[in-house]
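Peer 1: Dropping the structure in here first, questions after.
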Amino acid sequence: MTLKPISLERLSAVVWKEFIQLRRDRLTFAMMIGIPLIQLTLFGFAINSDPKHLPTALYSNDHSAFTRSLIKSLENSGYFVLTETPATEAEAQRLLALGEVQFVLSIPVDFTRRLLRGEHPSVLLEADATDPVAIGNAVMALNELTKSALRYDLKGSLGYLNSSPAPFELRVHKRYNPEGVTQYNIVPGLMGVVLTMTMMMMTGLAITREHERGTMENLLATPLRPLEVMLGKILPYVAIGYVQVAVILLMAWLVFDVPIIGSLLLLLACVLVFIVANLVVGITFSSIARNQTQAMQMSFFFFLPSILLSGFMFPFRGMPVWAQTLGELLPLTHFLRMVRGIMLKGNGVGETLPHLWPLLLFIAIVMIIGLKRYRRTLD
Amino acid sequence: MCLTMPVQNKNVIEVEKLSKSFAGKRVVNELSMTVARGEIFGFLGPNGSGKTTSIRMLCGLLTPDSGRGSCLGYDILTESGEIKQHVGYMTQRFSFYEELSIRENLEFIARIYQMPDRRRLVDATIERLGLGHRQQQLAGSLSGGWKQRMALAACMLHQPKLLLLDEPTAGVDPKARRDFWDEIHRLTATGITVLVSTHYMDEAERCHRLAYLAYGAILAQGTPDELLAASGITTWTVEGQDLFELTEALRKAPAVEQVVPFGGALHISGTDAGRLAHSLAPFFEQPRWRWQPSKPSLEDVFIHLMNHGQDNYS
Ligand SMILES: Nc1ncnc2c1ncn2[C@@H]1O[C@H](COP(=O)(O)OP(=O)(O)OP(=O)(O)O)[C@@H](O)[C@H]1O
Ligand SMILES: [Mg+2]
């Protein structure tokens, strides 16, 4: 008698059983749908909100009608509130470092004099850009101000100063995080993060749970092969993963107006590969871990670098080389590039493939490790 | 290419010097035994004596550290895949899915073994075990005894040639237990072999052959009658009043090894018949007690073995 490595009938038996278990486990089921909804709502609205009344420190040694107008119009824009007037440069810097203020506006001593001479003096706005989203709109509003702030002061004989270029220049200096992350970046990224988290967590528990409940003894005593058990536990979650993706894409489209410029079909195909990659990681952790706690710890161990080093949290190019190298090993990194490319740049198959094959390779390697580590006995 | 056909051997299980240690502690120690086709072989022994571990090695769930053996003609070390096709293993701990109903559990098993005509088979199994009115109930909500009965039904579903049953009737009521044993005897008549571990003496008596395990080694082996004969135990039964007082007195008497109350009687046994009779003589004369020589029970034999097994070990 020859033993085939895999039987579709046995595989379908495992899939069927997993579906029933999943259906009866209401809490898990609710979580699978709830997590993307909650995450997207939290993250999504935080991104889209347009924070105003940001605390601003004014460091000025020039007190003239012009500077007063400038400050007045800053406050009128709604984005800035003068909360501090530090006496020294150093104190202004300290306020920014502590996060007491979001901005420091520095007006040089000879601002008025040079303005009147038509020398187009500059004003420096230093921004705490650790959260770039928070300052984006404020900075944009400022650029408008340079043209209009002094419109009423520069009249009559000074009217010539009103002509372009603007009578003074505004230099914006973003501190702490020179690269900005745009909001569109985050919704596709969130899809990757949600999938990584839920897919890996659910399958991470799949095999250890059988061990802990004692049902593994029974499974091992049957002719089921390791590949059938592992695939059987993965497949139901592909469906769940797609439900999550549908929720996220619908919300991205309806609520956040994130465009999908490229092909939706291509996007869904890439999503499939990414879902499988995460499921394979989970199931492999599950076959290595001794119990559910260990499996959870491994999942977190994988999840954290995924968030930090994939380019979701920080711009990938801003990271040191070693971090980039680590990042290249993570599925989320490649997924983000693919998805941002397809959704925002309208990339096609040609531009997507270079990011797809690393994922396929990743799946193959991790699956082999999982199969090798799958415990065929109770030893 | 290695195509091994199961030899139509008389022996379904043949193992030689199987050993297994956990964390340096020897749990099964050079276990050798044979079980013939159509036999009901009973596995007895105190808790922790290695019964479950031995059974797991037979069906490939544990790898022995040393020794060799075959099951249904397949090598237990290299051909566990084939063994699993033809063996029905009932675990000591309930290991079916609590969140699946009885019917779903059975159907899952039937699908895994790729049984033809699955529906009818599951129907018939449910019917035969009298689980008909409970088939939609979730397995987790069954009482302990019903769980056992379901597990038993499931491990026989694929019509295995060898049943390895680890305490299959623990917690099962007497009527269901009798039905179970009738079923076992009916199955063995058709050539199926059964290896069953149990702590129940009445079940031990219903086995064709028994092995008594202690500290991972077989201390005694044979038919129930052979074991009784080999033990060399003499037993007396006494009835009457003030039995508790008598128990205390007898336990101090020399050559008395066991004093066990059985309802309104006491069983007194020992291995040295002459000295035992001598010790009991003073009590024979008392009119409030009626003495009778009796046949030792298997329980007497096993308790005797258990006491001596411990001596051997330490
Ligand atoms: N997986 C394991 N890891 C470590 N020790 C184990 C393991 N399985 C069994 N043991 C030890 O092996 C010994 C024998 O256990 P086993 O379950 O075979 O006994 P048993 O005869 O079936 O007992 P019982 O009548 O209580 O079911 C015990 O001391 C137990 O602690
Ligand atoms: Mg046991």
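Residue numbers (our numbering), protein chains in the order written: chain Y, 1070 to 1448; chain A, 1364 to 1677. Cβ coordinates follow ideal geometry from the N, Cα and C atoms, glycine included.
1. Indicate, with yes or no, if ligand 1 has a heavy atom lying under 7 Å from the CB of Lys1658/A.
2. Tell me where the beta strand (DSSP E) around Gly1193/Y begins and ends.
3. Establish whether the CB of Gln1448/A and some CB of chain Y are separated by less than 8 Å.
4. Does any heavy atom of ligand 1 sit closer than 7 Å to the C-beta of Thr1415/A?
5. For Met1364/A, count neighbouring Cβ atoms within 10 angstroms of its own Cβ and tell me buried if that reaches 16, exposed if not.
6. Do Gln1511/A and ligand 2 come close, with the Cβ less than 7 Å from some heavy atom?
7. Assign Gly1249/Y to one of three DSSP states: helix, strand, or coil.
8. On the CB-based measure, 16 or more other CB atoms within 10 Å of its CB, does His1280/Y come out buried or exposed?
9. In the DSSP assignment, the beta strand (DSSP E) including Ile1089/Y goes from what residue to what residue?
10. If you reduce the DSSP assignment to three classes, tell me which class Thr1634/A lands in.
11. Please confirm whether Phe1459/A has its beta-carbon closer than 8 Å to some beta-carbon of chain Y.
12. So, does the segment 1408–1417 of chain Y touch the segment 1324–1341 of chain Y, judging by three or more C-beta pairs under 8 Å?
13. Counting Cβ pairs closer than 8 Å, one from the segment 1450–1457 of chain A and one from the segment 1391–1402 of chain A, do we hit at least three?
14. Beta-carbon within less than 8 Å of Lys1380/A's beta-carbon, same chain only, minus the 5 sequence neighbours each way: which residues are those?
15. Check whether the Cβ of Ala1166/Y lies closer than 7 Å to any heavy atom of ligand 1, and answer yes or no.
16. Within 10 angstroms of the Cβ of Val1390/Y, are there 16 or more other Cβ atoms? Answer buried if so, exposed if not.
17. Roughly how many angstroms separate the alpha carbons of Leu1194/Y and Glu1188/Y, rounded to a whole number?
18. Please work out which residues of its chain come closer than 7 Å, Cβ to Cβ, to Asn1360/Y, disregarding the five sequence neighbours upstream and downstream, and give them in chain order.
19. Grab the span of the alpha helix (DSSP H) containing Asp1536/A for me, first residue to last.
20. Roughly how many whole angstroms lie between the Cα atoms of Ala1126/Y and Glu1213/Y?
21. Distance check for Leu1520/A and Ile1446/A, CA to CA, integer angstroms please.
22. In this structure, does DSSP put Ala1290/Y in helix, strand or coil?
23. Measuring only between beta-carbons, confirm whether Tyr1476/A sits less than 8 Å from chain Y.
24. Cα-Cα, which of Ser1560/A, Cys1570/A, Ala1640/A and Thr1561/A is closest to Arg1549/A?
25. Hey, could you find the ends of the alpha helix (DSSP H) Gly1301/Y is sitting in?
26. With 8 Å as the threshold, decide whether the Cβ of Thr1488/A is near any Cβ in chain Y.
27. Any idea what DSSP makes of Pro1650/A, helix, strand or coil?
28. Going by DSSP, what residues sit across from Gln1604/A in a beta bridge?
29. Which of the three DSSP states is assigned to Leu1180/Y in this structure?
30. Taking the C-alpha atoms as reference points, what is the distance between Ser1642/A and Val1619/A?
31. Taking the straight line between their C-alpha atoms, what separation do you get for Ala1552/A and Ala1487/A?
32. Would you kindly work out how many angstroms separate the C-alpha atoms of Ser1355/Y and Thr1265/Y, rounded to a whole number?
33. For a contact meaning CB atoms closer than 7 Å, what does Asn1287/Y contact in chain A?
34. Taking a contact to mean a Cβ-Cβ separation below 8 Å, would you say Asn1130/Y touches Val1178/Y in this structure?
35. Of all the options Gln1171/Y, Thr1362/Y and Phe1372/Y, which has the alpha carbon lying nearest to the alpha carbon of His1122/Y?
36. Run through chain Y and tell me which residues come within less than 7 Å of Thr1586/A, C-beta to C-beta.
Peer 2: Working from what's here:
1. Position 295 of the second sequence, counted from the start, is the residue given in the question as residue 1658/A. The answer is no for Lys1658/A.
2. For this step, residue 1193/Y is matched to residue 124 along the first sequence. The question names Gly, but residue 1193/Y is Leu in the sequence shown. Element bounds for Leu1193/Y: Ser1191 to Asp1197.
3. Counted from its first residue, the second sequence places residue 1448/A at position 85. So yes, Gln1448/A belongs to the interface.
4. Within the second sequence, residue 1415/A is the residue found at index 52, counting from 1. Correct: Thr1415/A has its Cβ closer than 7 Å to ligand 1.
5. Locating residue 1364/A in the second sequence gives position 1, where the first residue counts as 1. In this prediction, Met1364/A has a pLDDT of 37, which is less than 50 and means its spatial position is unreliable; what the coordinates show is noted afterwards. When all chains shown are included, Met1364/A counts as exposed.
6. Numbered from 1 along the second sequence, position 148 holds the residue referred to as residue 1511/A. The answer is no for Gln1511/A.
7. Taking the first residue of the first sequence as 1, we reach residue 1249/Y at position 180. Bear in mind that a pLDDT of 43 at Gly1249/Y, under 50, signals an unreliable position, so the number given afterwards is only what the model happens to contain. Judged by DSSP in its simplified three-state form, Gly1249/Y adopts coil rather than helix or strand.
8. Here residue 1280/Y is taken as the residue at index 211 of the first sequence, counted from 1. With 16 or more Cβ atoms within 10 Å of its Cβ, His1280/Y is classed as buried.
9. Locating residue 1089/Y in the first sequence gives position 20, where the first residue counts as 1. Where Ile1089/Y is concerned, there is no enclosing beta strand (DSSP E), although the alpha helix (DSSP H) it sits in stretches over Leu1077 to Arg1093.
10. Here residue 1634/A refers to the residue found at position 271 when the second sequence is read from its first residue. Reduced to three states, the DSSP call for Thr1634/A is coil.
11. In the second sequence, the residue the question calls residue 1459/A occupies position 96. Closer than 8 Å: yes.
12. yes
13. no
14. Counting from one through the second sequence, the residue named residue 1380/A turns up at place 17. Contacts found: Glu1393, Leu1394, Ser1395, Ser1429, Gly1430 and Arg1431.
15. To locate residue 1166/Y, count along the first sequence from 1; it is residue 97. No, the beta carbon of Ala1166/Y sits no closer than 7 Å to any heavy atom of ligand 1.
16. One-based indexing of the first sequence puts residue 1390/Y at position 321. Val1390/Y comes out exposed.
17. As a first step, residue 1194/Y must be located in the first sequence, where it is residue number 125. As a first step, residue 1188/Y must be located in the first sequence, where it is residue number 119. Between Leu1194/Y and Glu1188/Y, the C-alpha separation is close to 19 Å.
18. As a first step, residue 1360/Y is located in the first sequence; it is residue number 291 there, counting from the start. Closer than 7 Å at the Cβ level, and outside the excluded window around Asn1360/Y, lie Thr1277 and Glu1281.
19. Stepping through the second sequence from its first residue, residue 1536/A is reached at position 173. Asp1536/A -> no alpha helix (DSSP H), and no H or E assigned at all.
20. By one-based count along the first sequence, residue 1126/Y stands at place 57. By one-based count along the first sequence, residue 1213/Y stands at place 144. The straight-line gap from Cα to Cα measures roughly 20 Å.
21. The residue labelled residue 1446/A in the question sits at position 83 within the second sequence. The residue labelled residue 1520/A in the question sits at position 157 within the second sequence. Taking the straight line joining both Cα atoms gives about 16 Å.
22. As a working mapping, residue 1290/Y is identified with position 221 in the first sequence. Assigned with DSSP and collapsed to three states, Ala1290/Y falls in helix.
23. Stepping through the second sequence from its first residue, residue 1476/A is reached at position 113. Output row for Tyr1476/A: interface = yes.
24. Position 186 of the second sequence holds residue 1549/A. Out of Ser1560/A, Cys1570/A, Ala1640/A and Thr1561/A, Cys1570/A has the C-alpha closest to the C-alpha of Arg1549/A.
25. What you label residue 1301/Y is simply residue 232 of the first sequence in a count that begins at 1. Gly1301/Y -> alpha helix (DSSP H) spans Pro1295 to Leu1323.
26. For this step, residue 1488/A is matched to residue 125 along the second sequence. For Thr1488/A, the answer is no, since every Cβ of chain Y falls outside 8 Å of its Cβ.
27. Here residue 1650/A refers to the residue found at position 287 when the second sequence is read from its first residue. Here Pro1650/A sits in coil by DSSP.
28. Stepping through the second sequence from its first residue, residue 1604/A is reached at position 241. Per the DSSP secondary-structure output, Gln1604/A pairs with nothing in a beta bridge.
29. Locating residue 1180/Y in the first sequence gives position 111, counting from the first residue. The sequence given here has Phe at residue 1180/Y, not Leu. The answer is helix: DSSP assigns Phe1180/Y an H, G or I state.
30. On the second sequence, residue 1642/A is found 279 positions in, with the first residue counted as 1. On the second sequence, residue 1619/A is found 256 positions in, with the first residue counted as 1. Going by the C-alpha atoms only, they are around 8 Å apart.
31. Numbered from its first residue, the second sequence carries residue 1552/A at position 189. Numbered from its first residue, the second sequence carries residue 1487/A at position 124. Using only the alpha carbons, I get a separation of about 20 Å.
32. As a working mapping, residue 1355/Y is identified with position 286 in the first sequence. As a working mapping, residue 1265/Y is identified with position 196 in the first sequence. Separation of Ser1355/Y and Thr1265/Y (C-alpha to C-alpha, rounded to the nearest whole angstrom) is 15 Å.
33. In the first sequence, the residue the question calls residue 1287/Y occupies position 218. Correct list: Thr1454, Ser1458 and Phe1459.
34. Within the first sequence, the letter at position 61 stands for residue 1130/Y. Within the first sequence, the letter at position 109 stands for residue 1178/Y. Asn1130/Y places its beta carbon less than 8 Å from that of Val1178/Y.
35. Sequence index remark: in the first sequence, residue 1122/Y carries index 53 (1-based). Of the listed residues, the one whose Cα sits closest to His1122/Y is Gln1171/Y.
36. Taking the second sequence and counting its residues from 1, the one referred to as residue 1586/A is at position 223. Here the premise fails: no neighbours, minimum Cβ distance about 29 Å.
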